[in-house]
């Protein structure tokens, strides 16, 4: 398996996943992706990359639309997904979900956390430490309801794992391609 990582991913921030893939013999390359952080390299994706290379042109994000049916977007923690669903980046995040939905891409959002959250239902018991300083901070209950609603509305699937499990989970989620 070869994984294509979005060029938008900050270099050096995903070394744990890279080390897991190296250990498992999974290769990875970087290209701009239309949505998500990771896709599996398949014949259609490879064809686009090869054609652009022969033309001495860079692959653009939208060049890869229609080449894959599964993408994985990763979040470093629960607070990052809160920012995506109720914060400043909500519009951009929603647009990414709609782009995936409109193009037949099953988007998995993999939320890494060391809080013991393994599924949306666990969020009902999760405590947001920001509530100590800001009573208006998003509660676990609110987040669970928002994510459930987004799954229904946009066809996205929210998954949770420990940071040290993320590399393997990305492989598993992309394995359906």
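Numbering (the numbering used here), first residue to last: 58 to 234. Even for Gly, the Cβ is constructed at its ideal location relative to N, Cα and C. In this text, all values refer to a predicted model and were calculated from it rather than measured experimentally.
Contacting residues, own chain, Cβ-Cβ under 7 angstroms from residue i (five flanking each side not counted)
i: residue 232; result: none
i: residue 118; result: 89, 90 and 91
i: residue 194; result: 185, 187 and 188
i: residue 139; result: 195 and 200
Alpha carbon of residue i to alpha carbon of residue j, nearest angstrom
i: residue 75; j: residue 69; result: 10 angstroms
i: residue 167; j: residue 134; result: 9 angstroms
i: residue 93; j: residue 157; result: 9 angstroms
i: residue 150; j: residue 72; result: 24 angstroms
i: residue 234; j: residue 60; result: Because residue 234 carries a pLDDT of 44, less than 50, the predicted location of this residue cannot be relied on, and the following value inherits that uncertainty. C-alpha separation (whole angstroms): 11 angstroms.
i: residue 132; j: residue 169; result: 6 angstroms
i: residue 66; j: residue 83; result: 18 angstroms
i: residue 105; j: residue 95; result: 16 angstroms
i: residue 128; j: residue 190; result: 36 angstroms
i: residue 109; j: residue 100; result: 14 angstroms
i: residue 141; j: residue 203; result: 11 angstroms
i: residue 77; j: residue 62; result: 14 angstroms
i: residue 162; j: residue 126; result: 4 angstroms
i: residue 218; j: residue 137; result: 14 angstroms
i: residue 229; j: residue 120; result: 25 angstroms
i: residue 23; j: residue 58; result: The requested residue 23 is not part of the displayed model; the chain covers only 58 to 234.
i: residue 174; j: residue 211; result: 22 angstroms
i: residue 222; j: residue 183; result: 20 angstroms
Local Cβ density within 10 Å of residue i, reported as buried at 16 or more and exposed below that
i: residue 86; result: exposed
i: residue 248; result: No answer is possible for residue 248: it lies beyond the span of the chain, which begins at 58 and ends at 234.
i: residue 226; result: buried
i: residue 209; result: exposed
i: residue 171; result: exposed
i: residue 176; result: exposed
Cβ-based neighbour list, residue i, same chain, cut-off 6 angstroms, excluding 5 preceding and 5 following
i: residue 160; result: 122
Sequence-distant residues of its chain with Cβ nearer than 8 angstroms to residue i (five each side left out)
i: residue 181; result: 197, 198 and 201
i: residue 178; result: 201
i: residue 214; result: 163, 164, 165, 166 and 208
Interface flag, residue i vs chain D, CB-CB below 7 angstroms
i: residue 207; result: Of the protein chains in this structure there is only one, and it is not chain D.
Check: residue i C-beta below 6 angstroms from any heavy atom of the ligand SAH
i: residue 205; result: Ligands displayed in this structure: none; no statement on the ligand SAH is therefore possible.
Report task. Would you check if there are 3 or more beta carbon pairs closer than 8 angstroms linking the segment 136-150 to the segment 98-116? Result -> The answer is no - the segment 98-116 does not touch the segment 136-150, with fewer than three Cβ pairs under 8 angstroms.
Report task. Any chance you could list the beta strand (DSSP E) runs of at least 3 consecutive residues sitting entirely within the segment 144-193, in chain order? Result -> 163-169, all fully within the segment 144-193.
Report task. May I have a chain-ordered list of the beta strand (DSSP E) segments no shorter than 3 residues that lie completely inside the segment 63-96? Result -> DSSP assignment within the segment 63-96 yields the following whole beta strand (DSSP E) runs of 3 residues or more, N-terminal first: 84-88.
Requested in this report: Please specify which runs of the beta strand (DSSP E), each continuous and at least 3 residues long, are wholly inside the segment 97-148, giving them in chain order.
Outcome: Annotation note: the segment 97-148 contains the following uninterrupted beta strand (DSSP E) runs of length 3 or greater, listed N- to C-terminal: 127-132.
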